[in-house]
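Heads up, the sequence shown is in my numbering, so the first residue is 121 and it goes up one at a time. What follows is a set of notes on a single structure, which appears directly below.
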Amino acid sequence: MHSASEQSEAAEPPAPPEHAYPDHWEADVVLRDGGTARVRPITTDDADRLVSFYEQVSDESKYYRFFAPYPRLSAKDVHRFTHHDFVDRVGLAATVGGEFIATVRYDRIDARGLPASAPADEAEVAFLVQDAHQGRGVASALLEHIAAVARERGIRRFAAEVLPANSKMIKVFTDAGYTQKRSFEDGSVRLHLDLEPTDRSLAVQRAREQRAEARSVQRLLTPGSVAVVGAGRAPGGVGRTVLRNLLGAGFTGRVYAVNAALTEETELDGVPALPSVAAIGAPVDLAVVAVPAERVPEAVADCGEHGVRGLVVLSAGYAESGAAGRERQRALVRQARSYGMRIIGPNAFGIIDTAADVRLNASLAPQMPAAGRIGLFTQSGAIGIALLAGLHRRGAGLSSFISAGNRADVSGNDFLQHWYDDPGTDVVLLYLESIGNPRKFTRLARRTAAVKPVVVVKGARHSGSAPPGHRVPVTRIPHATVSALLRQAGVIRVDTVTELVDAGLLLAAQPLPAGPRVAILGNSESLGLLTYDACLTEGLRPLRPLDLTTAAVPADFRDALAAALADETSDAVVVTAIPWVGEDGATEFGDGEVLAAALREAVASAPAPAKPVVVVHVEMGGLAEALAVATSTRPAAERGAVTPENRSADTPKDPTDRPHSTPAPAAIATPAPAHVSTTAPPAPAPAPQAPLPEAPTPLPETQATLPAYPAAERAVRALAEAVRYGQWRRQAAEPGRVPEYEDIDEAGAAALIRDVLAGDHVDAGGVTLDTERAGALLARYGITALPTLPAPTPDAAVAAARRLGYPVALKTTAPHLRHRPDLGGVRLDLASEGQLRTAYAEITEVLGKPEELQPVVQAMVPRGVDTVVRAAIDPAVGAVLSFGLSGAASELLGDTAHRLVPATDRDAAELIRSLRTAPLLFGWRGSAPVDTPALEELLLRVSRLVDDHPEVVAVSLEPVVVAPRGLSVLGATVRLAPPAPRTDLGPRSLPRY
């Protein structure tokens, strides 16, 4: 790509002014093929790197860049391309292993195309990508970053000249999603791009992010070759255990053992064993690192220098061990990323992929789980062990399993990107102890939940701090609020790992219920009533239980279940069963196999649409085992997962649309946790484990997989989660809208905010607006706050009342009395001067002096229900809109509802109706219903204000009196602050280390 400004600089370039090195421009990015690169500013120290880079670029690429043969860079060229002022002239490089693989630079120009300084807001941009790295998405990533830099420096447009034959570079610009113009001048294509982000540019950026991060995970899960670094010569130890597990799983690729103590090539467990990765002499895709922490840097360098694509670091002794370990962890991530590698761990348990063409068990689990369609991610090895065992026991198979340990690099967000369009995964289960990027997690979870269930259990909810080793932003909002926001994003939020397994089993094996109506049948009236009560507790609508009596035989169950499945008055069926003991004391179907066959027969013959069936059993020997079948035996379309056949027009198309191979499940033993100590010798071989009973043999796909539960409450809770999720899916298919209001003055509000924040009295923490300015800002968004007049003396109170007109209210505004009418600081319906003076005297006599109480006078408004509307920016989750009823009772009960901003009309309606005290708004016990449409509009206007202006970090309207007709905002507080950087809107990058 040619740059006109370069010609003007062909003479001796002027020395640019000195500016501090902008280290915040440095970033690690994931490229299209799943590898990583480092993006950073080019400095004067990069001359040799630039020359070496240019020498590896083909003559054709050089011609496209300079519009003429340009075999080598002159000394002046090198000086010009490495000396920048980081304002008007900026150069960025993408590096791998410390060497340049691509460069981009801009030069600020004026209207004539000549070098310029601010206020000129246009720049000429040019790229050069090494041929070996073209097609990896390097130029697209660099365009995102150089555009962000340009916007920061006041540049609003890019101009570029490209030869018509350089179709790849033209495509980089045209596909970016920015508003652009194109013209053909003097044999070249002239492009102009507006750098203001658009909905399309953001969508393009996020689609590229998804493809790149999904590919990076896929490279970890489906390697063609694996090296175990740290495999001991003697049996035992972590490395040798992983080697044994890899081979025992039947990994389809090549396996190597690496041990630095070896002096020559030998064999361990029948595979080549060498002293280093370099000695292998063949490509290695994945390395499992199981050496003491002080030896990990040497192992990482050996892997990186010889093309390893990813690492699973089992070694302990990192951030979980203290300050020195945290620094060691930062160094590990920086080192691995410098080579373009991604990391699972450190302190990881490992990864598993059960696909028939992979069969990867690069973990400490001694045997492979059954193949299935559940993706499982945990941050804890111990919890991972428990979940593997629990899912296996109940016949649930996995597509993949990841236990990420400290998740210093690859996190749950990356695996959500992978599972989103993975055809082999129908259900996502996550055990999280922290969420490193909550905004991104919520966005990815919402998108994934639209096509397949995402079930999350959050550990460390009440500890008040993140688990050791986890880097997370601090949040000020309660855990219950975070849970509510996750549910808004479609996440199925559960509290325990048992509930995680319960919900995952049902969602993987059964279709989604069409509604909350539940049929109950069984041979125990008492168990049926317990199930009925559990349904009511969970908000379901149970039908009257059908008691088959203890004389029922399997055929009776079959007929009753078939009738319930055909009945259009129910959406799901719960079957309850207890052993039946005959007169001679013999159990008629105590082993459960006959009953299981009868239930499956009824389900198999049920008419469409399919309904979920769950079984509650009490001491039914063999029933759970007989019903437990690997979830892969049920077609995806029957479980509500998106497939090519049932995909809607809005559903992103999967690039492969092929079934995931799922071999028969194998037994799995409960694995013992293992760690690599930084000081201790290699761990001894794990003691022999008692294997779990083998999983049942899969049934033909025409037979049903029925989840079984030992308690009615567990079955109903899982079913209720499926009902709520199904409802969310249906609503997500037709999302609400963010209304436009013609009376909103967005520009006027922005001007007011700028004036306030430009004042000398504003510090880094922001400023709370006075009553007048708060009212003016709210008025720009059509929100009228009722005026309040100060009343420092009785005479001032009387004057204020005359101005407002009787009747009036007298209120204290001292912080300890604000919004606490129960403490006596409010007097209402004062209809005369005498009443006002009396009330003033009573308040000041009982509560304190006027200067302490800060009394005000306000006009009376129509009676109604007192409510509270708030919005705030939380650093962890973003802008949150909250609503509740005013008063101590609501605060004590935590009866407040929350939604993410921007809220839609559907969000506003649900926000009001989701309170436990919501009946007070709808005519409870004969009272008049209030004007909920006006309340919904107020919520939407507040949401718009906070969404349009990130400087508005907090809004509190309290109380908002909602009457049968209209509402009144009696108190308003608004806080402004310089907006924090939005990491979710900037160029793609990995978390910084």
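No residue lacks a Cβ here, since even glycine has one placed at the ideal position from N, Cα and C.
- prompt: Taking C-alpha atoms, which residue in Gly610, Val346, Ala748, Gly154 lies nearest to Ala717?
  reply: Ala748
- request: Just the C-alpha distance for Arg513 and Ala828, rounded to the nearest angstrom, thanks.
  value: 11 Å
- prompt: Span of the beta strand (DSSP E) holding Asn481?
  reply: 480 to 483 is the extent of the beta strand (DSSP E) around Asn481.
- prompt: What's the C-alpha gap between Asp422 and Ala354?
  reply: 23 Å
query: Taking just the CA atoms, how far does Val723 sit from Leu839?
result: Counting only the Cα atoms, Val723 lies some 17 Å from Leu839.
task: Spell out a yes or no on whether the region 478 to 489 and the region 509 to 529 are touching, meaning 3 or more CB-CB pairs, one atom from each, closer than 8 Å.
output: yes
task: Assign Gln250 to one of three DSSP states: helix, strand, or coil.
output: Three-state DSSP puts Gln250 in coil, outside helix and strand.
- prompt: Do the region 149 to 159 and the region 330 to 346 meet, that is, are 3 or more Cβ pairs less than 8 Å apart?
  reply: Judged by Cβ distances under 8 Å, the region 149 to 159 makes contact with the region 330 to 346, as three or more pairs qualify.
- prompt: Terminal residues of the continuous alpha helix (DSSP H) containing Ala921?
  reply: 914 to 924
task: Tell me where the alpha helix (DSSP H) around Ile963 begins and ends.
output: 953 to 967
query: Alpha carbon to alpha carbon, what distance is there between Pro1079 and Gly984?
result: The alpha-carbon atoms of Gly984 and Pro1079 are separated by roughly 11 Å.
- prompt: Shortest alpha-carbon distance to Arg457 belongs to which of Ala468, Ala482, Val420, Thr474?
  reply: The residue with the shortest Cα to Cα distance from Arg457 is Val420.
- prompt: From Ser520, Thr164, Glu745, Asp687, pick the residue whose C-alpha is nearest to that of Ala730; which is it?
  reply: Asp687
- request: Can you tell me which of the three DSSP states Leu1110 falls into?
  value: coil
task: Count the other C-beta atoms from every protein chain shown that fall within 10 angstroms of the C-beta of Glu387, then say buried if there are 16 or more, exposed otherwise.
output: Counting the other CB atoms within 10 Å of its CB gives Glu387 a total below 16, which places it among the exposed residues.
task: Pick out whichever of Asn643, Asp319, Tyr845, Val694 has its Cα sitting closest to the Cα of Val576.
output: Tyr845
task: Below 6 Å CB to CB, which residues in the same chain sit around Ala351 once its five sequence neighbours on both sides are set aside?
output: Answer for Ala351: Gly359, Arg360, Leu363, Ala377, Asn379, Leu388, listed in chain order.
- prompt: Apart from the five residues on each side of it in sequence, which residues of its chain come closer than 6 Å, Cβ to Cβ, to Glu841?
  reply: Ile612, Ala623
- prompt: Which class does Val736 belong to by DSSP, given the choice of helix, strand or coil?
  reply: strand
message: To the nearest angstrom, how far is the alpha carbon of Val177 from that of Ala222?
response: 10 Å
field: beta-carbon Gly233 near the ligand ADP non-hydrogen atom, thresh 7 Å
entry: In the structure shown, the ligand ADP is absent, as is every other ligand, since no ligand is present at all.
field: Rounded distance between the beta-carbons of Val918 and Leu956, thought under 8 Å
entry: 6 Å
- request: List the whole-angstrom C-beta distance separating Leu666 from Ala680, where the pair is believed to meet the contact cut-off of C-beta under 8 Å.
  value: 6 Å
message: Let's test the definition: count the other Cβ atoms within 10 Å of the Cβ of Thr616 and tell me whether it reaches 16, buried, or not, exposed.
response: exposed
- prompt: For Lys969, does the count of other Cβ atoms within 10 angstroms reach 16, so buried, or fall short, so exposed?
  reply: exposed
field: Beta-carbon spacing of Leu909, Arg923 below 8 Å
entry: yes
task: Give every residue of the same chain whose Cβ lies closer than 7 Å to the Cβ of Gly1106, excluding the five residues on either side of it in the sequence, and list them in chain order.
output: Ala268
Secondary structure of His312, DSSP reduced to three states: His312: strand per DSSP, three-state reduction.
query: Can Leu1005 and Thr1024 be called in contact, C-beta distance under 8 Å?
result: No, the Cβ-Cβ distance between Leu1005 and Thr1024 is not below 8 Å.
task: For Leu536, collect the residues of the same chain with a Cβ closer than 6 Å to its Cβ; drop the 5 residues on either side in sequence, then sort them by chain order.
output: Leu564, Thr568
message: For the pair the region 1082 to 1098 and the region 865 to 885, tell me if three or more CB-CB distances fall below 8 Å.
response: As far as the Cβ criterion goes, the region 1082 to 1098 touches the region 865 to 885, which means the pair count is three or higher.
DSSP state of Lys731 mapped onto helix, strand, coil: Three-state DSSP puts Lys731 in coil, outside helix and strand.
- request: Return the chain-ordered ranges of every beta strand (DSSP E) run that is complete within the region 534 to 579 and spans a minimum of 3 residues.
  value: 547 to 552, 574 to 578
Three-state secondary structure (DSSP) of Ser194: Coil, per DSSP.
query: Hey, how far is the Cα of Gly954 from the Cα of Pro935?
result: 28 Å
message: Quick check on the burial criterion: 16 or more other C-beta atoms within 10 angstroms. Buried or exposed for Leu606?
response: buried
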